[in-house]
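Number 15 in full-length UniProt numbering belongs to position 15 of the sequence shown; there are no gaps in the numbering. Glycine is no exception: its CB is placed at the ideal position from the N, C-alpha and C atoms. Report on one structure; see the data block that follows.
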Amino acid sequence: MDQSLNVFVTVAEKKNFSRAAEELHMTQPAVSQYIRSLEETMDVRLLERTNKYVRLTKAGEIVYHHAKEIVGLYGRMHHLVNDLSHEASGQLSIGASYTFGEYVLPHILARLLEIYPLIKPDVRIGNTAEIADLIMSRQLDVGIVEGRFKENRQLTAQAFAEDQMILIASAKHPLTLKEGAINWQRLAEQTWIIREEGSGTREAVEAVFDRYSISPVRSMQFSSTQPIKEAVEAGLGISLLSKWAVQKEIRYGDLVQLPVEGLPFIRQFSIVTSSQYQTKALKVFLELLLNNRELTLFRKSNGI
1 MDQSLNVFVT
11 VAEKKNFSRA
21 AEELHMTQPA
31 VSQYIRSLEE
41 TMDVRLLERT
51 NKYVRLTKAG
61 EIVYHHAKEI
71 VGLYGRMHHL
81 VNDLSHEASG
91 QLSIGASYTF
101 GEYVLPHILA
111 RLLEIYPLIK
121 PDVRIGNTAE
131 IADLIMSRQL
141 DVGIVEGRFK
151 ENRQLTAQAF
161 AEDQMILIAS
171 AKHPLTLKEG
181 AINWQRLAEQ
191 TWIIREEGSG
201 TREAVEAVFD
211 RYSISPVRSM
221 QFSSTQPIKE
231 AVEAGLGISL
241 LSKWAVQKEI
251 RYGDLVQLPV
261 EGLPFIRQFS
271 IVTSSQYQTK
281 ALKVFLELLL
291 NNRELTLFRK
301 SNGI
């Protein structure tokens, strides 16, 4: 692989020649020479440089996007060839949407590393749309996402586990005092705390709104699950979240599951991949997920 591409990607991400040189174990003049060589080859300036910053030009953004993919493909090729004669080891880039990534994946990884200590997981947490984009650009080996996922020629998805979405409120919320199931019209009058567009959790909330023909009078939006739980606990409103995500708060009485007809809402966790070629590290990780033994043990131990 052309070393100048790797140097360029590092400079673009570090936004500084000195930090890039340190990362690459090179001298700063050597880094500068690689960048000049690449710019001469491309016949265009790729970086804007001043004493205060280094940033990509428009051409640089295009080159960075493709260089990142090339560097990733080269590393994956190296791992695949190395796998032919070695045990499962090396880098494993995993993407996960927030619910699975924050509340379930750590337990799966603990089991993976117990069995295969030479694997080096690198985890990226994002919403479903972000993870799909990173897999398509070859920056991730595998993604675990929630909700519906539209397959295409580049990506394939396989459902492997169910997720229960429940309605939660603060232990002091007036709805927790109501006996029996709460009707949907009453829920439409509440403030709903929801995730951002592109999130699998947001998709589930909108599916529930559509199913029961409600349009809440007020809503607040957050970009991850933890602040939503904090907002609900503070009494700002109610929210539909995965049971995986709120098990501890319910157990300790900080949050309460509201009794609502038609809930829990069931959705799927899916494994998303982009290539027929898989490293041994990826294969054993997928086997662990599809086996579901660890998920079953985790579910039982947490009352899910």
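Contact set for residue i: own chain, Cβ-Cβ below 6 Å, skip 5 residues either direction
i, result
"Ala-231", "Ile-193"
"Val-123", "Ile-94"
"residue 356", "Within the shown structure, residues of the chain are numbered from 1 to 304, placing residue 356 beyond reach of any answer."
Bridge partner(s) assigned by DSSP for residue i
i, result
"Met-220", "Ile-193"
"Ser-275", "Bridge partners of Ser-275: none, in fact."
"Pro-121", "Leu-92"
"Ile-168", "Ser-239 and Gln-257"
"Asp-163", "Arg-267"
Residue i classed as buried or exposed, judged by whether at least 16 other C-beta atoms fall within 10 angstroms
i, result
"Val-217", "exposed"
"Met-165", "buried"
"Gly-253", "exposed"
"Ala-234", "exposed"
"Ala-181", "exposed"
"Tyr-34", "buried"
"Thr-41", "exposed"
"Asn-127", "buried"
"residue 322", "There is simply no residue 322 to check, as the chain begins at 1 and stops at 304 in what is shown."
Rounded straight-line distance, which links the Cα of residue j to that of residue i
i, j, result
"Arg-186", "Met-220", "18 Å"
"Gly-60", "Leu-118", "36 Å"
"Ala-157", "Phe-222", "27 Å"
"Glu-102", "Ile-125", "8 Å"
"Ile-228", "Asn-183", "23 Å"
"Lys-172", "Gln-257", "12 Å"
"Thr-176", "Val-205", "20 Å"
Cβ-Cβ separation, residue j to residue i (assumed contact under 8 Å), whole Å
i, j, result
"Gly-237", "Thr-279", "Actually they are not in contact, since the Cβ atoms of Gly-237 and Thr-279 sit about 44 Å apart, beyond 8 Å."
"Val-272", "Val-142", "7 Å"
"Ser-274", "Ile-135", "5 Å"
"Glu-23", "Lys-15", "12 Å between Cβ atoms; not a contact."
Beta-carbon contacts of residue i that lie in its chain and below 8 Å, excluding the five residues immediately before and after
i, result
"Val-188", "Note on residue identity: the sequence assigns Ala, not Val, to residue 188. Here the set comprises Ile-214, Ser-215, Pro-216 and Val-217."
"Val-260", "Leu-167, Ala-181, Ile-182, Trp-184 and Leu-187"
Cβ of residue i within 7 Å of any chain D Cβ
i, result
"Ala-169", "Of the protein chains in the structure, only one exists, and it is not chain D."
Cutoff 7 Å; reference residue i; Cβ partners in own chain excluding five residues on either side
i, result
"Ala-129", "Gly-198"
"Trp-244", "Thr-99, Tyr-103, Val-104, Asp-163 and Ile-304"
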